[in-house]
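Enquirer: Mind having a look at this structure? Questions to follow.
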Amino acid sequence: MTTHINADILRSIADGRPVQWRTVGTDPWHDFDPTTSAVNPLVPNVRTIWREKPAEVKIAGVQVPIPLGADYLLDPYATYWVATLDGVRACTGDSVAISRYQKARILHDTRDAARQHSDALQQLNVTFFK
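Under the working numbering, the sequence shown has 82 at position 84, and the numbering climbs by one with no breaks.
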């Protein structure tokens, strides 16, 4: 028997874990609400990507989205965002650099998440060197 393309996402929804969706290459991630969402995980659509909503971690007392880990499958055509002490920068196309940032746990799939992470790193840096 063939499993449904969104079987893992449907399981997550059934277990009460939050999920998100986006259109390939264009949209930011949207929280899925089964009562109001315009998309449906039961209906396969090759232009819609699904994921469990990333957990958050505390850095310098600030909640930030967990960076993309080594288990995250990267889209070679997507733009990723790197959180540094100097701010945020975009990273596209260079798979070696992206992989390095991913291993360093400073890579995010949205600019906003990277900005939050960068701000927390800057705050931690100021606190550490006081």
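Note that CB positions come from ideal geometry on N, CA and C, so glycine has one too.
A quick note: this is a predicted structure, and the numbers were derived from the prediction, not measured.
Report the CB separation of proline 42 from proline 52 in whole angstroms; it is logged as a contact under 8 Å.
Expert: No, proline 42 and proline 52 are not in contact; Cβ-Cβ is about 23 Å, not under 8 Å.
Enquirer: If you pair each beta-carbon of the region 98 to 113 with each one of the region 66 to 83, do three or more pairs fall below 8 Å?
Expert: yes
Enquirer: Under the assumption that proline 32 contacts isoleucine 7 (Cβ atoms under 8 Å), give the Cβ distance between them as a whole number of angstroms.
Expert: The pair is not a contact, with the Cβ atoms about 12 Å apart (cut-off 8 Å).
Enquirer: Give me whichever residues DSSP pairs with isoleucine 129 in a beta bridge.
Expert: This structure cannot settle anything about residue 129, because the visible part of the chain is limited to -1 through 128.
Enquirer: Bridge partners for histidine 106 per DSSP, in chain order?
Expert: According to DSSP, which records beta bridges pairwise, histidine 106 is partnered with Trp79.
Enquirer: Please state the DSSP three-state secondary structure of histidine 28.
Expert: strand
Enquirer: Alanine 36 to aspartate 92, Cα distance in whole Å?
Expert: 34 Å
Enquirer: Only counting the same chain, and skipping five residues up and downstream in sequence, which positions put a Cβ closer than 6 Å to that of aspartate 27?
Expert: It is tryptophan, not aspartate, that sits at residue 27 in the sequence shown. Once the five neighbours on either side are set aside, the close Cβ partners of tryptophan 27 are Gln18 and Arg20.
Enquirer: Could you please give the first and the last residue of the uninterrupted beta strand (DSSP E) stretch that includes alanine 88?
Expert: 85 to 89
Enquirer: Consult DSSP for alanine 49 and reduce its assignment to one of helix, strand or coil.
Expert: The sequence shown places arginine at residue 49, rather than the alanine named in the question. Note: arginine 49 maps to strand in three-state DSSP.
Enquirer: Buried or exposed: which applies to proline 86, given that a residue is buried once 16 or more other Cβ atoms fall within 10 Å of its Cβ?
Expert: In the sequence on display, residue 86 carries valine and not proline. It counts as buried.
Enquirer: Could you spell out where the beta strand (DSSP E) holding arginine 98 opens and where it closes?
Expert: Unbroken run through arginine 98 is the alpha helix (DSSP H), 93 to 101; no beta strand (DSSP E).
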